[in-house]
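Here's the structure, in structure tokens; my notes come after.
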Amino acid sequence: MTFHNQNFARVLLAAILGLSLSACGGDDHDDRDEVADPGTPPTEPAPPAVAQGTRLQMAVLETTDLHANVLGYDYYKLAEDKSYGVDRTATLIANARRAFPNHVLLDNGDTIQGTALSDYQALVNPVQCADMIAIYRQMDALGVDAGTMGNHEFNYGLPYLSQITNVDFGLSGITKGTPQSNPAGAAQCAAPRFPFVSANVVSAASKAPIFKPYVILPKTFDATAPDGKTTQVTVNVGVIGFAPPPIMQWDKANLEGHVEVTGWKETAARYVPEMKTAGADIVVALAHGGIDMTTPYAPDMENGAGYLTEVPGIDVLLTGHQHQLFPNAAANSPFAGQPGVDPVKGLVNGVPAVQPGQWGNNLGVIGLTLAYDGGWQVQRDATVVQRVPTLLTAQNGATPATYVEPDLGTQQLVTGVHTATIDYVKTPIGRATFDLSTNFALVGDVSALQIVNMAQIDYLKTYIAANQPAYAGLPILSAAAPFKGGRNGPGDFTNVKQGDVAINNAADLYLYPNTLQVVRVTGNTVRQWLEKTAEQFNRIDPARTAVQPLIDTTFPTFNFDVLYAEGNALQYTIDITQPKGARITSLTYAGAPVQANDAYLVVTNNYRASGGGNFPGLEGGKGDIVLQAPDASRDVLINYIKAKKTLDLAQFGLDRSWRFAPVALAGPVVFNSIPGTLPLAQAHGVTNVTVHSTDLDPVTQLSAYRLQLAPQ
5 MTFHNQNFAR VLLAAILGLS LSACGGDDHD DRDEVADPGT PPTEPAPPAV
55 AQGTRLQMAV LETTDLHANV LGYDYYKLAE DKSYGVDRTA TLIANARRAF
105 PNHVLLDNGD TIQGTALSDY QALVNPVQCA DMIAIYRQMD ALGVDAGTMG
155 NHEFNYGLPY LSQITNVDFG LSGITKGTPQ SNPAGAAQCA APRFPFVSAN
205 VVSAASKAPI FKPYVILPKT FDATAPDGKT TQVTVNVGVI GFAPPPIMQW
255 DKANLEGHVE VTGWKETAAR YVPEMKTAGA DIVVALAHGG IDMTTPYAPD
305 MENGAGYLTE VPGIDVLLTG HQHQLFPNAA ANSPFAGQPG VDPVKGLVNG
355 VPAVQPGQWG NNLGVIGLTL AYDGGWQVQR DATVVQRVPT LLTAQNGATP
405 ATYVEPDLGT QQLVTGVHTA TIDYVKTPIG RATFDLSTNF ALVGDVSALQ
455 IVNMAQIDYL KTYIAANQPA YAGLPILSAA APFKGGRNGP GDFTNVKQGD
505 VAINNAADLY LYPNTLQVVR VTGNTVRQWL EKTAEQFNRI DPARTAVQPL
555 IDTTFPTFNF DVLYAEGNAL QYTIDITQPK GARITSLTYA GAPVQANDAY
605 LVVTNNYRAS GGGNFPGLEG GKGDIVLQAP DASRDVLINY IKAKKTLDLA
655 QFGLDRSWRF APVALAGPVV FNSIPGTLPL AQAHGVTNVT VHSTDLDPVT
705 QLSAYRLQLA PQ
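Just so we're aligned, residue 5 is where the sequence shown starts under our numbering, counting upward by one.
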């Protein structure tokens, strides 16, 4: 059978657009081949000899960064969202399976955390040892063949992870679950049938991986013999997993003393030859990290997945973590120009690679042709890398978006916990007399940030009074960031409407299940902290007459920390005409310039305090952490709102600590936000913004606003 890229692409497109939709139940899973233990050759009877020249087509299917989005539903807005959700990913998987009967389905991590539903199962009403979490229930029914760990798998702690995966980590003091979730101390807990692999998260004591480093999946595929007849063959698919090394910073409180993380390439170089010796015909790297080939390789780098292609023997690279789309042929693709990266064909150093977004909004598909020549060989010139999208739009952007239908069977698996989560998040905790929004947070609206900062300062003041009176004389600052800044369209902003404030609103204001931490810093570190946050903005040329975008979209908005002091005592100015590192042109506390050696306490979260975002003075977890609070940042916020009962704009939403430096501009500086919401910005004190265009961006569905910086 002759195989061509163009034909392969046509088959895939037909699968997406033309096939009827049906439920994906457990039958596919039950028919899967048995998984061999890592390092052990397959134990099935030896298959008949494969004739030289036999060929087959297969596909590697990938989900990544599902973040517990079991349904296309926004628990913060209590509304359906058709652009994501495993219920729609299930339809994509069904279609891809029809197109490619020979396939493996793999999950790349950041699976169990990310929604109010996942928090409900982990923290509010902990799932019992005998029960399976919702996302795993779906994945098990969908027939996932193997999965790996992302960074967010560790957010809820090692006992929880041990319980829900039913893996004994062999770590002192770490049990399967807690006395609350596993009161009988059962040795076996409910977990999906597919194996988990993670080669580089190892026991701090034994240095052995706490999960299987890899598995070998003996898959029975249909192939075409040289005489044109169909024959069945066995292909041993080796799957190895990698977590991002910075988890040791991001989840230091959960991991320190228990586990360590080894480097990307070093770990692969150890295990890939072993996998080949054990019988792997092809090796798939499940790498929960992004592609960053412009940064020199380091074993502890965050997005080192691309460097795995420099390890001989890896045939397929599945990536994630960045929440990006790869392949990406757009001129402004973040992967364009990276050494060794072909963002059009989807290759890294010639190895086929894919990254299918986040939340199940895309399915990654890598189509391969294998030819038998004394062993199965991947035909690199017959590889097609695709991202099968949930969201399908007309190429000219003029037709309204259409979506694949959800799979009803996949939805029904999680109906009970979905309903319970909705009931939970509707619980009122207070009342607001204004809208709390991040629509214009990147140009100065603090309405959704000030309440977080005030809650964190109040917590620290109470703690100091009760436990650390020696710190009472130090000024307190607080850091809060707009976690949702429009990156994924109109639904990706925080918008808590005036009226009752419920738990779902607090979760919208504080998106992640971080814990509160406090660092002691100098005035110089405060300045450098703010310089880092100011990298959110592109450098603006005031003499340029053409349109200039204000926002650097490669800079995550969750790193745009707004620092705040009680009584709005901290004030600073950002000059976006200056280069990075030289933009904070004025920085005062209580009306006096901040001096380099001044001492401050900054209330933040475990991610930032442990080095997340590589902020100066904190990178690598080197910051002076004076408090690792046992309380979740979100719970601190919830308790504060409960205590205050009513939030009004004047007291809780207008204390703006920063402004842009005034400058005369020859041309427009623009940014995108939700259409028609300028009155909201004006009500919140942002008066230097006008509408630039009402046309919608074809990708984000946002419209353009113009920032005025003329001297007053």
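Heads up, the beta-carbon is just placed ideally off N, CA and C, and yes, glycines get one too.
Note that the coordinates shown come from a computational prediction; the quantities given were computed from them, not determined experimentally.
Let me know if residue i comes out buried or exposed under the rule of 16 or more other beta-carbons within 10 Å of its beta-carbon.
i	result
residue 56	exposed
residue 391	buried
residue 336	exposed
residue 627	buried
residue 110	buried
residue 125	buried
residue 66	buried
residue 384	exposed
residue 601	exposed
residue 594	exposed
residue 306	buried
residue 695	exposed
residue 341	exposed
residue 210	exposed
Enumerate in chain order the residues of its own chain whose CB-to-CB distance from residue i is below 7 angstroms, with the five nearest sequence positions on each side excluded.
i	result
residue 338	328, 558
residue 312	268, 269, 272, 289, 291, 318, 321
residue 584	539
residue 366	329, 360, 391, 392, 393, 394
residue 697	707, 708
residue 544	552, 580, 581, 673
residue 379	285
residue 506	429, 430, 431, 432, 433
Roughly how many whole angstroms lie between the Cα atoms of residue i and residue j?
i	j	result
residue 349	residue 331	6 angstroms
residue 38	residue 414	Below a pLDDT of 50, predicted positions are generally treated as unreliable, and residue 38, at 37, falls in that range; the measurement from the model is reported next regardless. Answer to the nearest angstrom: the Cα atoms are 24 angstroms apart.
residue 453	residue 684	15 angstroms
residue 315	residue 686	55 angstroms
residue 631	residue 523	7 angstroms
residue 359	residue 334	15 angstroms
residue 130	residue 535	41 angstroms
residue 232	residue 374	15 angstroms
residue 465	residue 654	22 angstroms
residue 355	residue 282	22 angstroms
residue 224	residue 207	35 angstroms
residue 479	residue 190	49 angstroms
residue 770	residue 679	What the structure shows of the chain is the stretch from 5 to 716, and residue 770 is not part of that stretch, so it cannot be assessed.
residue 222	residue 100	20 angstroms
residue 72	residue 80	14 angstroms
residue 711	residue 547	15 angstroms
residue 77	residue 184	29 angstroms
residue 276	residue 420	42 angstroms
residue 407	residue 168	32 angstroms
residue 700	residue 615	37 angstroms
residue 444	residue 666	18 angstroms
Once the 5 residues before and after residue i are set aside, which same chain residues still bring their CB inside 8 angstroms of it?
i	result
residue 514	456, 487, 637, 638, 641
residue 178	162, 163, 166, 262
residue 60	106, 225, 226, 227, 228, 237, 239, 373, 374
Between residue i and residue j, which are expected to be in contact by the criterion C-beta below 8 angstroms, what is the C-beta distance as a whole number of angstroms?
i	j	result
residue 69	residue 521	So it is not a contact: roughly 25 angstroms between Cβ atoms.
residue 719	residue 150	Limits of the chain in this structure are 5 at one end and 716 at the other, which puts residue 719 out of reach.
residue 204	residue 265	5 angstroms
residue 589	residue 579	5 angstroms
residue 255	residue 159	6 angstroms
residue 325	residue 121	Not confirmed; about 21 angstroms, so no contact.
residue 670	residue 519	So it is not a contact: roughly 47 angstroms between Cβ atoms.
residue 604	residue 495	Their Cβ separation, rounded to whole angstroms, is 36 angstroms, which puts residue 604 and residue 495 out of contact at 8 angstroms.
residue 226	residue 238	That belief does not hold up - the Cβ atoms of residue 226 and residue 238 are roughly 11 angstroms apart, past 8 angstroms.
residue 446	residue 564	7 angstroms
Kindly list the residues whose CB is nearer than 6 angstroms to the CB of residue i, restricted to its own chain and excluding five residues on each side of it in sequence; keep chain order.
i	result
residue 4	As shown, the chain starts at 5 and ends at 716. That puts residue 4 outside it, with no answer to give.
residue 438	502, 653, 657
residue 156	114, 117
residue 561	486, 489
Kindly identify the DSSP beta-bridge partner or partners of residue i.
i	result
residue 81	Answer is none; residue 81 lacks a bridge partner.
residue 638	In DSSP, residue 638 forms no bridge with anything.
residue 575	592
residue 67	111
residue 236	226
residue 1	Here the chain comprises residues numbered 5 to 716, so residue 1 is not present and cannot be evaluated.
residue 648	According to DSSP, residue 648 bridges with nothing at all.
Using 9 angstroms as the limit for Cβ to Cβ distance, is residue i near chain C?
i	result
residue 272	No chain C is part of this structure, which consists of one protein chain only.
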